[in-house]
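Following: one structure in structure tokens, then a few remarks.
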Amino acid sequence: SVIGARFVLAALRLAGAALLSPGSCTFEDSACGYQWDYAHLPWTLHGEGHYISVDTSYEGDKAVLSSPDLYSEEWNCVRLIYQIATTSDASPDPARLSLYLRQEGESFDRLLWSAKEPSDSWLIASLDLMNSTKKYKLVLEGEMGRDKSTSIAVFEIKITSGYCIECDFEENHLCGYVNRWNPNVNWFVGGGNIRNSQSILPKDHTLNSALGHYMYVDSVYVKHFQEVAQLISPKTMAPISGCLSFYYQLKQESSIVFTVYLRDVSGFYEEIWKTDSALNADWALAEVDFNAPYPMEVIFEVAFNSARGGYVALDDISFSPVYCSNQTGTLFNPANAGCNFEEDLCNFYQDHKDGPGWSRVKVKRNVYRAGDHTTGFGYYLLANTKFTSQPGYIGRLYGPTLPGNLQFCLRFYYALYGFFKMSGTLAVYIFEENHVVQEKIWSVLDSPEGVWTQAEISFKKPMPCKVVFVSWCKSFWDCGLVALDDVSLNLGSCQAADLLLPSPGECTFEKDECVFTQKKRGRGSWHRKRGPTPTSYTGPKGDHTTGVGYYMYIEASNMVYGQRAYLVSRSLRGTSGKQCLTFFYHMYGAGTGLLSVYLKKEGDDEEIPLWRRTGEQSISWLRGLIEYESDTNYQIIFEAIRGVSIRSDTAIDDILFRAGPCLEVEEIQFSSGYPDSLNEIEY
């Protein structure tokens, strides 16, 4: 009976509430093991309204809520139902809700998601959590911003096994799927015994009953030719590939076109499935191979031609990480298309018809000529070193074959020396395999001489192709050197990569000083700067990150001999096991003093020296590596001491903390002066 069925569903709902998966919470009568950090603002549990919130009635900048210990070897989806409410529309410093992943053995939390848009009702965020063998916690952080009255509420946190693009449409949040509103045709929720359409289905697919729910779109209100309804999935937040399947019913009197697209963040549509014209009066299964190496949305689109078109219904979208067809899709690994040239040319090669264009070289640390970009004392490629006698001299470097129809971001570093006119001396071409067409996608215009500068290029080609680096000397009289290093390729456009969340424990100083603060600010402190330092023959010409970005340095002309400047990290979480700290330092100038790195454990006055350099080291940015351990909370301190003269500008950049031991070992942790073999170049 219907009443019996209703009772069963109610019982199921109650059982579901009692059996919330670990880390899930509806905040009805408890916080389910979530705890707030007493060092910050308190969260208030509203049992009657089923939510937990924090607002500006207390003085403070943020509130932190952390889950109990969680563990999952399966892929999970975290759905967060939340609301940010505020009185003013636009604030320079709005309230923000962020979700972090705190993994065992890591000193830094990984930012998974962040939102600052205020709304009149609840919103949903869906985040894929990749499977992991480590224990973890989810940490919610509400930052209050500067508004007079703000409140942040969390209604539900739900962790389910599986993928966020999967949905059976049985819950009112519809798994974060949204209809793109259209005045005439829209996707609606059907089922649940609601008689709300002329072409209603007797049963859904999930429960195979009148009480189950599905999505449907109907032609009744179609006014124009080619009216389109779109149902849009949550964005994939982690790379996935495999089989996307769903059940659908299609009833038509005149032509209906039902299509499934992928849409990337730049708005590019790719069709992955389309109905054949056969009728499906019952639920039919559709399966389609699906590849989302970068963030994508799945769009279910129905186009009608008349009001008597009929309807389309959709239910039970699911995903499996195995392709539906028997294709054993070997996924393209972009790491194979990059190279730092430390060991060899990787998968790059030269065409010997051109003569030996590019040579792998290494410059020992010196004060005249910059070394490589990777470490400052490793290998890079140099063109035009040998045969510069004939004009129109060209060196070509070919990369490996790249698959077609994927969006790529190519990044590399280049440096130019000794050209009167720089423009066009280095160019990047795309060479399509099927026909011998070369398309120029980038060429150098102008750049500071001898500074490693980063270039980034997004491209997408329908056919397999290769990237070709071309160096060119226009004449015998104007032929300088072209250097190339650290070529990397990523999936997705470069702009999309910039939207990605920064990796935890990384600081490039591009936006701010990250986790670092000054002991005291003033003339004798660390300064954030871009471009060269004011004094000649000391300090870097550009930063290490891009060549035109920011770094931190001490300005020796503002300091006296022996004066110290401290850059101190905030308290970092202690972990068991080794940690690796990588950074780049620049110590060029005849009067250079000392640069030291210390570890200070919480509750301990002693600063343990980890690493030190004394005196002038090189005109290049050099890489420093430090392996350390601390099971209690700790701080890392960078201390610079001004040397004997104003030629003592010391700089640091690109600091990276990583869990686990360092993959390479630095020969010396404490050293002074530079080696005797200055200024030798090895080919």
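Each residue of the sequence shown is one higher than the one before, counting from 1 in full-length UniProt numbering. For each residue, glycine too, the CB sits at the ideal point set by N, CA and C.
Query raised in the report: Terminal residues of the continuous beta strand (DSSP E) containing lysine 440?
Result: 437–443
**Report entry** Unbroken beta strand (DSSP E) run spanning phenylalanine 169, endpoints
**Finding:** Counting along the chain, no beta strand (DSSP E) covers phenylalanine 169, and no H or E run does either.
Query raised in the report: Which one of Lys158, Ser618, Phe188 and Tyr349 has the shortest CA to CA distance from valine 470?
Result: Tyr349
Query raised in the report: Under the rule that 16 or more other beta-carbon atoms within 10 Å means buried, what is phenylalanine 27, buried or exposed?
Result: With 16 or more other Cβ atoms within 10 Å, it is buried.
Query raised in the report: Does the region 75–91 come within contact of the region 141–158, defined as at least 3 CB pairs closer than 8 angstroms?
Result: yes
**Report entry** asparagine 340 in three-state terms, based on DSSP
**Finding:** coil
**Report entry** lysine 251 - containing beta strand (DSSP E), residue span
**Finding:** 240–252
Report task. Count the other C-beta atoms from every protein chain shown that fall within 10 angstroms of the C-beta of lysine 511, then say buried if there are 16 or more, exposed otherwise. Result -> exposed
Query raised in the report: By Cβ distance below 8 angstroms, which residues in the same chain neighbour glutamine 198 in space, the five residues on each side in sequence not counted?
Result: Low confidence applies to glutamine 198: its pLDDT is 45, below 50, so where it sits in the model is not reliable enough to give any reading.
Query raised in the report: If you drop the 5 nearest sequence neighbours on each side, which residues of the same chain put their C-beta closer than 8 angstroms to that of glycine 4?
Result: In this prediction, glycine 4 has a pLDDT of 38, which is less than 50 and means its spatial position is unreliable; what the coordinates show is noted afterwards. Taken in chain order, the list of residues that qualify is empty.
Query raised in the report: From glycine 531 to valine 451, what does the alpha carbon distance come to, in whole angstroms?
Result: 10 angstroms
Query raised in the report: According to the neighbour-count rule (16 or more other Cβ atoms, all chains shown, within 10 Å of its Cβ), is methionine 215 buried or exposed?
Result: buried
Query raised in the report: What is the rounded straight-line gap between the Cα of phenylalanine 431 and the Cα of threonine 374?
Result: 27 angstroms
Query raised in the report: If alanine 565 and glycine 524 are in contact, beta carbons under 8 angstroms, what's the gap, nearest whole angstrom?
Result: 6 angstroms
Report task. Could you have a look at serine 557 and say whether DSSP puts it in helix, strand or coil? Result -> helix
Query raised in the report: When the Cα atoms are used, what is the spatial distance from tryptophan 181 to valine 312?
Result: 17 angstroms
Query raised in the report: What's the C-alpha gap between threonine 535 and phenylalanine 408?
Result: 41 angstroms
Report task. Starting from the C-beta of cysteine 175, find all residues in its chain whose C-beta is less than 6 angstroms away, skip the five residues before and the five after it, and write them out in chain order. Result -> If you ignore the 5 residues before and after cysteine 175, its C-beta comes within less than 6 angstroms of the C-beta of Cys167, all in its own chain and listed in chain order.
Query - Residue interval of the beta strand (DSSP E) (run including leucine 129) - result: 123–129
**Report entry** Straight-line Cα distance separating valine 568 from threonine 517
**Finding:** 5 angstroms
**Report entry** Check whether leucine 101 and leucine 112 have beta carbons under 8 angstroms apart
**Finding:** yes
Query raised in the report: Just curious, the beta strand (DSSP E) that asparagine 76 is in, first and last residue?
Result: 76–86
Query raised in the report: Any idea if tyrosine 487 is buried or exposed, counting beta-carbon neighbours within 10 angstroms, 16 or more meaning buried?
Result: Checking the sequence, you will find valine at residue 487 rather than tyrosine. Under this definition valine 487 is a buried residue.
Query raised in the report: If you run the structure through DSSP and keep just helix, strand and coil, what is alanine 176?
Result: The sequence as given places glycine at residue 176; alanine does not occur at that position. The answer is helix: DSSP assigns glycine 176 an H, G or I state.
Query - Own chain, CB closer than 6 angstroms to residue 685, minus 5 neighbours either side, in chain order - result: This structure cannot settle anything about residue 685, because the visible part of the chain is limited to 1 through 683.
Query raised in the report: Looking only at its own chain, which residues have a Cβ that is under 6 angstroms from the Cβ of isoleucine 240, when we skip the five neighbours before and after it?
Result: Ala292
Requested in this report: Quick one: grab the DSSP three-state call for proline 334.
Outcome: helix
Requested in this report: Under 8 angstroms Cβ to Cβ from threonine 56, same chain only, skipping five residues before and after it: list those, please.
Outcome: Excluding sequence neighbours, threonine 56 sits near Met144, Asp147, Lys148, Ser149, Thr150 and Ser151.
Requested in this report: For cysteine 479, name the three-state secondary structure that DSSP assigns.
Outcome: Here DSSP, grouped into helix, strand and coil, assigns cysteine 479 to coil.
Query - tyrosine 51, enclosing beta strand (DSSP E) - first and last residue - result: If you look at tyrosine 51, you'll find it in the beta strand (DSSP E) that goes 51–55.
Query raised in the report: Relative to the C-alpha of aspartate 69, which residue among Ser21, Lys62 and His40 is closest?
Result: Aspartate 69 has its Cα closest to that of Ser21, out of Ser21, Lys62 and His40.
Report task. Could you pull out every residue in the same chain whose Cβ sits closer than 6 angstroms to the Cβ of glutamate 106, ignoring the five residues on either side in sequence? Result -> Correct list, in chain order: Ala659.
**Report entry** Contact between the region 627–635 and the region 570–582 (3+ Cβ pairs under 8 angstroms)
**Finding:** yes
**Report entry** Three-state secondary structure (DSSP) of glutamine 230
**Finding:** Strand, per DSSP.
Query raised in the report: Can you name the residues that DSSP bridges to glycine 310?
Result: Gln252
Requested in this report: Could you say which of Asp120, Lys137 and Ser91 lies nearest to arginine 110 if we only look at CA atoms?
Outcome: Lys137
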